[in-house]
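Asks: In my numbering, the protein residues as written are 782 to 932.
Structure below.
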């Protein structure tokens with residue numbers, strides 16, 4: 782596995798990849814030393830695309846992702862990628878988009894285990910009453926920053 786740590790407007794991000802795919806994007810919760818390989822092609826591509834996103838020059842990502850999860854989670858994540866840049870959907874909207882209108886809480890759980898925040902834009906999912914709800918645990922401030930970047 783290869784690792785790269787990058788700075789962003791929402792704090793440091795740790796990117797992990799193997800020889801073929803990006804494996805995850807993680808928020809750094811505490812200062813930890815990571816062994817890094819900053820010359821790895823997939824990591825450099827991911828870093829570049831994330832920087833373009835943060836600078837307002839990228840609205841969609843084109844990266845080789847290794848997506849692992851249940852069929853339901855994969856369906857949710859695929860649907861999240863259809864939420865247009867600069868827009869938000871409620872958890873209910875996502876549930877209805879996958880024809881499971883009662884799966885609102887399950888949508889929240891799928892968002893919680895999304896290994897590709899920002900790239901698979903779970904930050905675009907908000908509460909039915911337009912409130913910002915959980916993001917990466919209790920980091921709603923990151924969600925707010927990401928949504929403001931997209932305005």
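Here a beta-carbon is modelled for each residue, glycine too, at the ideal position from N, C-alpha and C.
(1) Report yes or no: do the segment 825-835 and the segment 871-878 share at least 3 C-beta pairs separated by less than 8 Å?
(2) Look up residue 805 in the DSSP assignment and give the residues it is bridged to.
(3) With a threshold of 16 other CB atoms inside 10 Å of the CB of residue 923, please say whether the residue is buried or exposed.
(4) Pick helix, strand or coil for residue 926, following the three-state DSSP scheme.
(5) Which residues in the same chain have their Cβ closer than 7 Å to the Cβ of residue 789, if we skip the five residues on either side of it in sequence?
(6) For residue 807, which of 837, 793, 799 has the nearest alpha-carbon?
(7) Among 804, 826, 800, 782, whose alpha-carbon lies nearest the alpha-carbon of residue 895?
(8) With DSSP collapsed to three states, give me the class of residue 829.
(9) Once the 5 residues before and after residue 907 are set aside, which same chain residues still bring their CB inside 7 Å of it?
(10) Using C-beta distances below 7 Å, list every residue in its chain close to residue 848, excluding the 5 sequence neighbours before and after it, in chain order.
(11) Between residue 866 and residue 883, what straight-line distance do the alpha-carbon atoms span, to the nearest angstrom?
(12) For the beta strand (DSSP E) that residue 861 lies in, which residues bound it at each end?
(13) Output the distance between the C-alpha atoms of residue 783 and residue 809, rounded to the nearest integer angstrom.
(14) Can you look up residue 864 in the DSSP assignment and give me helix, strand or coil?
Replies: In terms of the structure at hand:
(1) no
(2) Against the chain shown, residue 805 aligns to sequence position 24. Answer is 797.
(3) Here residue 923 refers to the residue found at position 142 when the chain shown is read from its first residue. Residue 923 should be labelled buried.
(4) Residue 926 sits at position 145 when you count from the first residue of the chain shown. Helix, per DSSP.
(5) For the purposes of this step, residue 789 is taken as residue 8 along the chain shown, with counting starting at 1. Counting only Cβ-Cβ distances below 7 Å, and skipping sequence neighbours, we find 831, 835.
(6) Against the chain shown, residue 807 aligns to sequence position 26. Considering only alpha carbons, the answer is 793.
(7) Numbered from 1 along the chain shown, position 114 holds the residue referred to as residue 895. Considering only alpha carbons, the answer is 804.
(8) Here residue 829 refers to the residue found at position 48 when the chain shown is read from its first residue. DSSP places residue 829 in helix when its eight states are reduced to three.
(9) As a working note, residue 907 is residue 126 in the chain shown. The answer, listed in chain order, is 869, 871, 913, 914.
(10) In the chain shown, the residue the question calls residue 848 occupies position 67. Hits under 7 Å: 855, 858.
(11) On the chain shown, position 85 is the one that residue 866 refers to. On the chain shown, position 102 is the one that residue 883 refers to. Their backbone Cα atoms lie some 26 Å apart in a straight line.
(12) Along the chain shown, one-based indexing puts residue 861 at 80. Element bounds for residue 861: not the beta strand (DSSP E) but the alpha helix (DSSP H), 852-861.
(13) To locate residue 783, count along the chain shown from 1; it is residue 2. To locate residue 809, count along the chain shown from 1; it is residue 28. Approximately 16 Å, taken between the alpha carbons.
(14) Along the chain shown, one-based indexing puts residue 864 at 83. Correct three-state label for residue 864: coil.
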